[in-house]
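My numbering applies: residue 3 is where the sequence shown begins, and numbers increase by one. For each residue, glycine too, the CB sits at the ideal point set by N, CA and C. The structure appears right after this line, and notes come after that.
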Amino acid sequence: MKIAALLAGSAVLVHFLVAPVAAQPSETDLVERLGCMSCHSLNGKGGDRGPAWDGVGARLTPEAIKKQIVSPRARMPSFAQIKPGQLQVLVEYLAGLK
Ligand code: HEC
3 MKIAALLAGS AVLVHFLVAP VAAQPSETDL VERLGCMSCH SLNGKGGDRG PAWDGVGARL
63 TPEAIKKQIV SPRARMPSFA QIKPGQLQVL VEYLAGLK
């Protein structure tokens, strides 16, 4: 009985440890949902009205990425109204595309 509880406990722990790795689909869901991919592409998939995101994390600092999302340069709509948590996810996701 005790052993079963221990096993269940470690399964929960493993789930938490693995969860950040599995977070990838929700980031891609978010950029789909917000419509970013109608203009931007990644790995050859997406729109071509904005620059491709491949390597964007190597071109821009996280600060510059955040600035582009909330107060973009011309030709990109502002996403200043998104939730702070979503903004954080977007910035970390894009900054990691190197
Ligand atoms: C209507 C088209 C459009 C949409 C939708 C859009 N963008 Fe953009 N984005 C652009 C354009 C155009 C540029 C280039 C701006 C410039 O340099 O004038 C750009 C530039 C960027 C850049 C800088 C890329 C670089 O290499 O300099 C980032 C980062 C970015 N967008 C993120 C996003 C995110 C995140 C979303 C969704 C929340 C989004 N964009 C939605 C059109 C769009």
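Which of helix, strand or coil DSSP assigns to residue i
{"i": "residue 96", "result": "helix"}
Distance CB(residue i)-CB(residue j) smaller than 8 Å
{"i": "residue 82", "j": "residue 91", "result": "no"}
{"i": "residue 100", "j": "residue 37", "result": "no"}
{"i": "residue 80", "j": "residue 74", "result": "yes"}
Contacts around residue i, its chain only, beta-carbon distance under 6 Å, and the 5 residues preceding and following it disregarded
{"i": "residue 28", "result": "none"}
{"i": "residue 42", "result": "48, 52 and 55"}
{"i": "residue 64", "result": "93 and 97"}
{"i": "residue 76", "result": "none"}
Cut-off 8 Å between Cβ atoms - residues of its own chain near residue i, not counting five sequence neighbours on either side
{"i": "residue 2", "result": "The question about residue 2 has no answer here: the residues shown for the chain are numbered 3 through 100."}
{"i": "residue 70", "result": "62 and 78"}
Own chain partners of residue i with C-beta closer than 7 Å, once the 5 adjacent residues on each side are dropped
{"i": "residue 96", "result": "55, 58, 59 and 67"}
{"i": "residue 39", "result": "33, 48 and 49"}
{"i": "residue 88", "result": "32"}
In the segment 22-94, which residue ranges form an unbroken alpha helix (DSSP H) of at least 4 residues, counting only runs that do not cross its ends?
26-35, 58-61 and 64-72
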